[in-house]
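Per numbering that gives the first Met the number 0, the very first residue in the sequence shown carries number 0; after that it's consecutive. Shown next, in structure tokens, is the structure this report addresses.
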Amino acid sequence: MSDEQGYDALGARLKEFEGRPAAVAGTGKDPVNAPMIRHWCEAMGDTNPAYTGPEAIAPPAMLQAWTMAGLSGHQDRTGAYDELLGLLDASGCTAVVATDCEQEYLRPLRPGDEVAFDTVIEEVSGRKTTKLGTGYFVTTRTDVRVGGEPAGTHRFRILKYAPAPRPPAAPQRSAEPGKPGALRPRPVVNRDNAGFWEGVAAHRLLIQRCTGCGTLRHPWLPGCNACGGLDWDTVEASGEGTVHSYVVMHHPHFPAFTESGTGPDGSDGGAGADGPYAVGLIELAEGVRMVSNVVGVPYDKVRVGLPVRLVFRRYDAELTLPVFRAVDR
Ligand code: ZN
């Protein structure tokens with residue numbers, strides 16, 4: 000049997016999963032509740048007044064949160080989904096990536112609502128080849144109810160695939176693939192963010208500003224998240240900021256990320272050639288936040304509230320990035 004026929008036979012078996020329930024009469028681990036709503040809103044920076052106070056509703060986008068199993072899992076799974084994923088694993092489609100999610104909201108959820116749900120394997124695609132590899136898209140649909148009444152629908156799609164062989168490293172990117180000296184991945188520059196990267200090339204950190212309502216935004220987007228306006232100009236960041244949050248990357252040590260680059264003063268600032276390094280969510284003085292490396296301080300001295308200042312660091316002949324150096328104030 001050729002590979003092609005093997006895949007076709009697999010495809011037919013996979014199709015038989017369409018319509019099979021993945022979870023039946025599931026129940027939310029917790030009723031809709033104010034603390035989870037508050038945590039969500041704080042994490043999202045969503046200050047919509049509809050989500051607080053005695054008449055609060057839950058943010059609609061939390062729909063899936065009320066059905067999630069957590070570490071302890073759900074008792075109401077049928078096993079069909081695991082069986083499907085197991086078949087795909089056995090066929091070599093061992094990798095998975097979530098591709099998209101669609102939600103439909105039918106009624107608001109309020110604190111105290113007890114959520115029930117059913118999940119069905121809605122669709123298994125034919126064999127598809129993507130840049131990641133060849134595999135199958137699997138869509139599950141979860142119908143959420145409260146007191147027997149439909150409250151919303153959550154569709155979740157994954158791609159289970161056999162990873163494509165890695166393309167050989169381009170020689171100009173790394174003389175010795177896998178060794179320090181590998182170049183960093185290039186940023187994705189598109190028509191929405193090109194102005195940002197033009198600014199970086201000129202050593203200017205530009206923040207988008209809505210000309211309708213004056214709201215600043217970062218990262219760059221086509222529209223204003225405050226008023227929906229499409230017109231914008233830019234303001235140049237002063238470069239002053241503080242660490243709003245951070246993580247320390249310990250491993251794995253991707254070669255491209257273990258070279259620290261050269262700061263304006265020639266120092267590597269904190270990240271040793273193979274050592275952990277800190278990635279911060281930097282709150283700029285202008286109020287927007289951006290993710291970048293925190294340099295000029297040992298990674299274990301980075302802390303929330305640490306004052307930092309923008310520097311442009313040259314990583315290679317074509318790549319300069321804005322990073323943030325710890326400063327004493
Ligand atoms: Zn606006």
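Ideal placement from N, C-alpha and C gives every residue a C-beta, glycine not left out.
Residues of its chain near residue i, where Cβ-Cβ distance is below 8 angstroms and the 5 sequence neighbours each way are ignored
i	result
S266	Only weak support exists for where S266 lies, its pLDDT of 45 falling under 50; the value from the coordinates is given anyway. The residues are G295.
P263	Low per-residue confidence applies at P263: pLDDT is 41, beneath 50, and the placement is therefore not dependable, though the value from the model is reported in the following sentence. Cβ neighbours of P263 beyond the five flanking positions: V310, F311 and R312.
H202	F311 and T319
G304	T241 and V242
R106	V145, E148, P149, A150 and G151
V290	V278, G279, L280 and I281
Q102	P59, A60, L62, Q63, G151, T152, H153 and R154
E235	G198, R203, L204, L205 and I206
Classification of residue i by the beta-carbon crowding that lies within 10 angstroms, buried from 16 upward
i	result
G18	exposed
Q74	exposed
A89	exposed
P170	Residue placement at P170 cannot be trusted, given a pLDDT of 46 that sits under 50; what the coordinates show is reported in the next sentence. By the 10 Å Cβ count, P170 comes out exposed.
C223	buried
L108	buried
L229	exposed
V143	buried
L70	exposed
Strand pairing of residue i, partner residues [DSSP]
i	result
E282	T241 and R288
V143	F116 and G151
Y160	A94 and G134
H319	Checking the displayed sequence, the identity of residue 319 turns out to be Thr instead of His. DSSP lists R313 as partners of T319.
P20	V119
P306	T241
Q102	H153
E235	L205
Backbone CA spacing between residue i and residue j [nearest angstrom]
i	j	result
R154	N292	35 angstroms
F323	L62	37 angstroms
E175	T46	Note on E175: pLDDT 46, under 50, position unreliable in the model; the coordinate value appears next. The alpha-carbon atoms of E175 and T46 are separated by roughly 49 angstroms.
R308	W219	21 angstroms
H250	Y298	13 angstroms
E344	G194	Summary: the structure shown does not reach residue 344, with the chain confined to residues 0 through 328, and so no result is reported for it.
T93	T210	48 angstroms
V114	G85	29 angstroms
T66	G132	31 angstroms
G286	Y80	44 angstroms
T26	A68	9 angstroms
D29	G72	13 angstroms
G212	L87	Per the sequence presented here, residue 212 reads as Cys, with Gly not at that position. Rounded to the nearest angstrom, the two C-alpha atoms are 50 angstroms apart.
W39	G238	30 angstroms
A225	P321	26 angstroms
V326	R288	18 angstroms
L83	R126	14 angstroms
Contact under 8 angstroms by Cβ, residue i with residue j
i	j	result
V301	A277	yes
S158	V96	According to the sequence displayed, residue 158 carries Leu and not Ser. The answer is yes: Cβ separation under 8 angstroms.
Q91	A163	The sequence shown places Gly at residue 91, rather than the Gln named in the question. It is not a contact, given that the beta carbons lie outside the stated cut-off.
D112	V31	yes
M20	A55	It should be pointed out that residue 20 corresponds to Pro in this sequence rather than to Met. Not closer than 8 angstroms, so no.
T118	A22	yes
T233	R208	yes
P275	V247	yes
F116	T141	yes
Below-8 angstroms beta-carbon distance, residue i vs any chain B residue
i	result
H243	In the structure shown, chain B does not exist; there is a single protein chain.
Proximal residues to residue i (C-beta, below 6 angstroms), its chain only, five neighbours per side dropped
i	result
R12	none
G271	Here the model assigns G271 a pLDDT of 47, short of 50, so the residue's position is not dependable, and the following value carries that caveat. Here the set comprises nothing.
Own chain partners of residue i with C-beta closer than 7 angstroms, once the 5 adjacent residues on each side are dropped
i	result
S124	Y135 and F136
D99	R156
P184	A255
T77	P20, A21, A22 and V23
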